[in-house]
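Asks:
There are 6 protein chains.
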Amino acid sequence: MRASGRAPDDLRNVTLDVDWNRHAEGSCLVRFGETVVLCTATVEERVPIWMRGTGRGWVTGEYGMLPRATTSRTDREAARGRQTGRTQEIQRLIGRSLRTVTDLKALGEIQVRVDCDVLQADGGSRTASITGAYVALYRAFQKVVRTGLLKEIPLKTQVGAVSCGIVDGRPVLDLDYEEDSSASTDANFVLTDGGDIVEIQATAETDPMTDDQFAALLGLARKGVAELAALQRAALGLG
Amino acid sequence: MRASGRAPDDLRNVTLDVDWNRHAEGSCLVRFGETVVLCTATVEERVPIWMRGTGRGWVTGEYGMLPRATTSRTDREAARGRQTGRTQEIQRLIGRSLRTVTDLKALGEIQVRVDCDVLQADGGSRTASITGAYVALYRAFQKVVRTGLLKEIPLKTQVGAVSCGIVDGRPVLDLDYEEDSSASTDANFVLTDGGDIVEIQATAETDPMTDDQFAALLGLARKGVAELAALQRAALGLG
Amino acid sequence: MRASGRAPDDLRNVTLDVDWNRHAEGSCLVRFGETVVLCTATVEERVPIWMRGTGRGWVTGEYGMLPRATTSRTDREAARGRQTGRTQEIQRLIGRSLRTVTDLKALGEIQVRVDCDVLQADGGSRTASITGAYVALYRAFQKVVRTGLLKEIPLKTQVGAVSCGIVDGRPVLDLDYEEDSSASTDANFVLTDGGDIVEIQATAETDPMTDDQFAALLGLARKGVAELAALQRAALGLG
Amino acid sequence: MRASGRAPDDLRNVTLDVDWNRHAEGSCLVRFGETVVLCTATVEERVPIWMRGTGRGWVTGEYGMLPRATTSRTDREAARGRQTGRTQEIQRLIGRSLRTVTDLKALGEIQVRVDCDVLQADGGSRTASITGAYVALYRAFQKVVRTGLLKEIPLKTQVGAVSCGIVDGRPVLDLDYEEDSSASTDANFVLTDGGDIVEIQATAETDPMTDDQFAALLGLARKGVAELAALQRAALGLG
Amino acid sequence: MRASGRAPDDLRNVTLDVDWNRHAEGSCLVRFGETVVLCTATVEERVPIWMRGTGRGWVTGEYGMLPRATTSRTDREAARGRQTGRTQEIQRLIGRSLRTVTDLKALGEIQVRVDCDVLQADGGSRTASITGAYVALYRAFQKVVRTGLLKEIPLKTQVGAVSCGIVDGRPVLDLDYEEDSSASTDANFVLTDGGDIVEIQATAETDPMTDDQFAALLGLARKGVAELAALQRAALGLG
Amino acid sequence: MRASGRAPDDLRNVTLDVDWNRHAEGSCLVRFGETVVLCTATVEERVPIWMRGTGRGWVTGEYGMLPRATTSRTDREAARGRQTGRTQEIQRLIGRSLRTVTDLKALGEIQVRVDCDVLQADGGSRTASITGAYVALYRAFQKVVRTGLLKEIPLKTQVGAVSCGIVDGRPVLDLDYEEDSSASTDANFVLTDGGDIVEIQATAETDPMTDDQFAALLGLARKGVAELAALQRAALGLG
């Protein structure tokens, strides 16, 4: 049993509230336990300069954290005048993950920006962000389809993400902040609903990890993302 | 009747949800109609360097807006590397307003930082911020009192804020975004529950304003802040 | 009597020297006692991108302070790499005040930038700036009229500004630095020569202010700006 | 056969020249084919503030690229005033990889900064950096041991890195720039000489990747890093 | 005859008004024709960290230009967020020139910052700055001597500066903006009152310069600085 | 004899390796003793906006230093977010020196950017940069001529640079870092192969310098640059 009472392969309580924001083309407030992220998708009918004339679209991610999302207050990046390396790494990850599952050719010269802002953090904010961002993106595409600009939703597959790690020598799924702080290994898996790999970021914090340990983490992630994918479909009212 | 169906002296529907954030010493999610602001108060047992040894405390405000809080997306200040003049003006206003009603001597060498982050904007985000910030600050002080660090809550009076303006030639209370865009004059009033003046920022956008017009706006503000003060007391469970 | 020997409703000695700078289309060196500000107006025959094609003009203000304008030296904003919130707040105020009295439609697609640089500070630099900026702007418009680009000077009214405050419990006009530091309330009034309100920024520093106190300050400001307006007309050689 | 004439599991020609820089405590000029990186290790007898008094040491990585390291010139980050997200991501990766194999407790309160500057780029600059950084770090530790400050070299194992990817449907080892540009999947593996996992960053660029594909890449990486580890030992004159 | 009516070896009309600023320990408003620079010297009883405990003092220069000092308006460095290379080059020159003539050992652990702000520019602002900065520095030292902190003024010699150039094939002294723009060679000479060399910055703009041309410029500069030194003594009321 | 065993008028061992970088149109790795600089020239078929339509070309220089080029590590300018005044001063000098010897009219609307990055520093990095930059620029022009875009190499003369200084009371040529640190006067001379002056930057560090001292330095520089020019011709395979 984990400190939270969860079994090693249990997700936290996950909720996905769609259309939380009235202005965005698509939005989703995602909760992974006490981690709360607001995801909004903005559709723009023009792509970055370097893509113009290619007939292809683009999807980007941006990420931020409110100052008191964290246990002790974190200074505002806007006040310090630069985004941390961590922020940039996460927003690049969100963007790549969404682009891999989007049919950019079918999208045409449209750009979607997905903003993921962490209102409250308790570990796993990047995986919650990707999971909620997919829902916001889907919702935005539905709106574009309704306007007639696109015939169908240009998504090739679902995508979700979850963290796994080795805590007290045991592989566990969906780490909260306390577990994350004591994990010897931390890995983020971005997978499709079918279990294919979109992105893996695995980091051995204190000691290198064996093949078997890595395989165990990947197995947990498959189970977790399959459950997240079902929640995404439910939130979107899909079969 | 206004476009929203409100009478000239009607506030929008206002709600104040306390303790929305689990980490902050005090927090409040405030809604003025479709304007939604998350206010969190962080208590630090040390003041800025220039105040050390004075025996006095300090209260500051910070302000931010999520990219898609606005109708069309606004670029992230953290990405652009600097806060706009508007942001800085608002956060200075929040800080001054809270300090005027705080007994900084009774507070002792403690600093409270109040963050106001706009999750969704529809006009009046600075007045909603001040109104919610007071609640978050009060809540944080309650927590400090419970720890025994302070004997009583070092607030001299309540403070709330509301905007008024002249729209279509008529003074109205608590402008939404559409009204704000077409107002010939826009004024923000920060008042105590007793109606005294903490701060006035009145701006004639297109034409200078007469004394009578100004007096009408101040009158509306008094009515509005009295109602806001009652809502603050209710949210805090005070008599 | 005040420390300076002035009566409560006395302005400091005010001078307005026009055409102090040989390059600018309009310029004015304004002195409010020991506060000295150089105001220059630059005419550009193109407006910001977002205004092109609207047929309307624009007026902006910028503000700066030399490092040793202050009693002890202040670090150069250019060296620190960002303008303070105070600087941005003041330059926004200057710009708004000038635009309110300018007929932007009559101006056509012309932009005027008014720079106010404080060479020596002794309180009231923002009100001296606005008062001098009006003179520089008028002067620049005269030059544009002489070139035939405009038929008449596109100003609807004069504008001037003065600070008032409650010092030692008594309302006084045009505070110097020492008075400003000990004032319990500080208010800046931007008024037309006819006494209408262009902008009010009133701040209760230590205690909220009553209606009567506010009314007294506004009364002093009316007297002060009327005198400043007469000095502006004299400096410009107007009736 | 690949465009370069290499077999799918061939590394490029790799060289490691130690002591290339006369000032650094340890240095190594590493070449992976036409990719050339200068790695220097700087020893400082004090750790960052947040580590003082912990009795533990720290190792960080920094990364940069000369403007004309790339096929067409890239603007200088110092001139643009900020490091890109890519740069920050890579330098964080270098630092984590080195820390995982360092015995930070044995190191004591010493910090080593390893700078990796790309003089010429042709794909794989981050993996070349890590491989060369290990050699520079080892060299620096040898110097510290000679001074008597440490009794033995505080490294738990060797670490090297290599990229693998799926090009034209086939898994290949150590991609050059041309291969990298056309790869459907790109993965960077940081492994110990024994084949354990220090870090994996796998990204499916266009389509999600299957388990089998991932396993093939990991197998190639094991072979590649084993060869790199042998080259490291030879460069350092170890058994 | 030059366009201005000056002979080739004529300075422009030069004035040095001491004590122009009421706050600074020393100040001087210097005019070289239409070039106007305000120089202020600030005395601080502590030196930069890297000099503490050395028993030696330090003198630095800073330089700025008001936006409309120039014929057409120049954007404010504080607004752009960085100082140009030209600004930095000039302020480093001012600092070095003043330090060379100051007895830093006799000064003791005191720092003087000299700010040179160009109110109006017409060529030669850096040479006017150095010439005026010397006067402001001398004045500040007089004040320090009066307070008893120093026994005598720690200046080894006077220093002044002037530009020379080859205009229309002829060497001329003290170029104004128009001459400077058409000069084939531009040189700034910082010399002592005795004619010794403190700094030379000579730049051939279009074609390299011969020895004879350079010698002619140096000769003009000697004559010019001797005259400036006499004006400095007169302004300071020295024999 | 100097500490290095060199005679007062001896250069250090100088080498110029052309085509060191495979991507740049021209490149040269220059060594002045232990000072090592990589110079690359990038040809762009468009000039800066303000030059378009003039029919003239442009040459710029940029300069950087790797963190451990110096004896103790220097923080990365890209990490600090701004280039130092020293860096900007040097890159402006490199650009001016190259432009003076280039026939910008013959070049036509082409821009060449020359990057000089110091891999290892031991004094004289700016003079080594200019000397190597000329070689890289020449090499780039040869490439442009081969493509037929230019008929001949648009260089009017060779240019090289060397530092001289007064060390222990004696004028010496080509100072290394140790000599530079103890020099009472430091001067950088940029000269043509014929000995004409392109740029002089002479600075008296501790005491002003006499005419005779300056003349001695200039004499040494003439000898040094003549030798450098011969090495440039040899490196480029010119008569």
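Residue numbers (the numbering used here), protein chains in the order written: chain A, 87 to 325; chain B, 87 to 325; chain C, 87 to 325; chain D, 87 to 325; chain E, 87 to 325; chain F, 87 to 325.
Yeah, the Cβ is synthetic: ideal placement off N, Cα and C, and Gly gets one too.
Counting only Cβ-Cβ distances shorter than 7 Å, please list the residues of the segment 159-192 of chain C near chain E, keeping chain order.
Replies: Arg-159, Arg-162, Glu-163, Ala-164, Ala-165, Gly-167, Arg-168, Gln-169
Asks: Ala-307 (chain B) by DSSP, collapsed to three states: which one?
Replies: Helix at Ala-307 (chain B).
Asks: For a contact meaning CB atoms closer than 9 Å, what does Gly-209 (chain E) contact in chain C?
Replies: Within 9 Å Cβ-Cβ: nothing; Gly-209 (chain E) doesn't reach chain C, min ~13 Å.
Asks: Give, in chain order, every residue of the segment 202-233 of chain E whose Cβ lies closer than 9 Å to some Cβ of chain C.
Replies: Asp-203, Leu-205, Gln-206, Ala-207, Asp-208
Asks: Interface residues of chain C around Met-295 (chain B) at Cβ under 9 Å?
Replies: Chain order gives the chain C residues near Met-295 (chain B) as Asp-282, Ile-283, Val-284, where near means a beta carbon separation below 9 Å.
Asks: Counting pairs of beta carbons, one from the segment 96-111 of chain A and one from the segment 304-322 of chain A, are three or more of them closer than 8 Å?
Replies: yes
Asks: DSSP three-state call for Ile-216 (chain B): helix, strand or coil?
Replies: helix
Asks: Work out the CA separation of Val-221 (chain A) and Arg-172 (chain A) for me, nearest whole Å.
Replies: 24 Å
Asks: Beta-carbon of Arg-88 (chain E) versus every beta-carbon of chain C: anything under 8 Å?
Replies: At least 8 Å separates the CB of Arg-88 (chain E) from every CB of chain C.
Asks: Starting from the beta carbon of Glu-265 (chain D), find every residue of chain F whose beta carbon is closer than 9 Å, and list them in chain order.
Replies: Under the 9 Å cutoff, chain F gives no residues; its nearest Cβ is about 17 Å from Glu-265 (chain D).
Asks: From F:Ile-283, F:Ala-307, F:Ala-226, pick the residue whose C-alpha is nearest to that of Leu-322 (chain F); which is it?
Replies: F:Ala-226
Asks: Once DSSP output is grouped into helix, strand and coil, what is the label at Val-133 (chain B)?
Replies: coil
Asks: List the whole-angstrom C-beta distance separating Val-204 (chain A) from Ala-127 (chain A), where the pair is believed to meet the contact cut-off of C-beta under 8 Å.
Replies: Not really, about 17 Å apart at Cβ, beyond 8 Å.
Asks: Is it the case that the segment 236-245 of chain D contacts the segment 292-300 of chain D, given that we only count it when at least three CB pairs across the two stretches are under 8 Å?
Replies: no
Asks: For the ligand GDP, I want to know if Ile-180 (chain C) counts as a neighbour, meaning its beta carbon is within less than 7 Å of at least one of the ligand's heavy atoms.
Replies: What this structure holds is no ligand at all, so the ligand GDP is not there to describe.
Asks: Under the rule that 16 or more other beta-carbon atoms within 10 Å means buried, what is Ser-158 (chain C), buried or exposed?
Replies: With a 10 Å radius around the Cβ and a threshold of 16 neighbouring Cβ atoms, Ser-158 (chain C) comes out exposed.
Asks: Would Ala-288 (chain F) count as contacting chain E if we go by Cβ distances under 8 Å?
Replies: yes
Asks: Determine, using beta-carbon pairs with one atom in the segment 87-98 of chain B and one in the segment 280-287 of chain A, whether at least three such pairs fall under 8 Å.
Replies: no
Asks: Please report how far the alpha carbon of His-109 (chain A) lies from the alpha carbon of Pro-153 (chain B), in whole angstroms.
Replies: 11 Å
Asks: Which runs of the beta strand (DSSP E) fall wholly inside the segment 116-161 of chain C and span at least 3 residues, in chain order?
Replies: List check, beta strand (DSSP E) in window: 121-130, 144-151.
Asks: Can you tell which of C:Glu-291, C:Val-245, C:Gly-234 has its C-alpha closest to the C-alpha of Ile-252 (chain C)?
Replies: C:Glu-291
Asks: Contact criterion: CB-CB distance below 8 Å. Does Leu-317 (chain E) meet it with respect to chain C?
Replies: Taking Cβ atoms only, chain C never reaches closer than 8 Å to Leu-317 (chain E), which makes this a no.
Asks: Along chain A, in chain order, which residues have C-beta atoms closer than 7 Å to that of Leu-259 (chain B)?
Replies: Listed along chain A, no residue sits closer than 7 Å to Leu-259 (chain B) by beta-carbon distance, the nearest being about 22 Å off.
Asks: Spell out the partners DSSP gives Glu-285 (chain A) in its beta bridges.
Replies: A:Val-276, D:Thr-289
Asks: Helix, strand or coil for Ile-329 (chain A), going by three-state DSSP, please let me know.
Replies: Because chain A in this structure spans residues 87 to 325, residue 329 (chain A) falls outside the shown range and cannot be described.
Asks: If you pair each beta-carbon of the segment 186-197 of chain B with each one of the segment 170-185 of chain A, do three or more pairs fall below 8 Å?
Replies: no
Asks: Out of A:Ser-113, A:Asn-107, A:Asp-96, which has the shortest C-alpha to C-alpha gap to Thr-217 (chain A)?
Replies: A:Ser-113
Asks: When you compare each of E:Arg-117, E:Asn-107, E:Glu-111 to Asp-260 (chain E) by their alpha carbons, which one comes out closest?
Replies: E:Arg-117
Asks: Counting Cβ pairs, one atom from each stretch, are 3 or more of them under 8 Å apart for the segment 125-144 of chain B and the segment 191-201 of chain B?
Replies: yes
Asks: Residues of chain A with a CB under 9 Å from the CB of Thr-156 (chain D): which are they?
Replies: The premise fails here: Thr-156 (chain D) is roughly 15 Å from chain A at the closest Cβ pair, so nothing lies under 9 Å.
Asks: Please state whether the Cβ-Cβ distance between Gln-206 (chain E) and Val-122 (chain E) is less than 8 Å.
Replies: yes
Asks: Does Gly-167 (chain A) pass the burial test, meaning 16 or more other C-beta atoms within 10 Å, or should it be called exposed?
Replies: buried
Asks: Give me, in chain order, the residues of the same chain whose beta-carbon lies closer than 7 Å to that of Asp-208 (chain F); leave out the 5 immediate sequence neighbours on both sides.
Replies: Gly-119, Glu-120, Thr-121, Asp-262, Tyr-263
Asks: Along the chain, where does the beta strand (DSSP E) that runs through Arg-168 (chain A) open and close?
Replies: Premise fails: Arg-168 (chain A) is in no beta strand (DSSP E) and is neither H nor E.
Asks: Please say whether Thr-213 (chain D) and Ala-165 (chain D) have beta carbons closer to each other than 8 Å?
Replies: no
Asks: Pick out whichever of C:Pro-294, C:Gln-169, C:Glu-313 has its Cα sitting closest to the Cα of Phe-275 (chain B).
Replies: C:Pro-294
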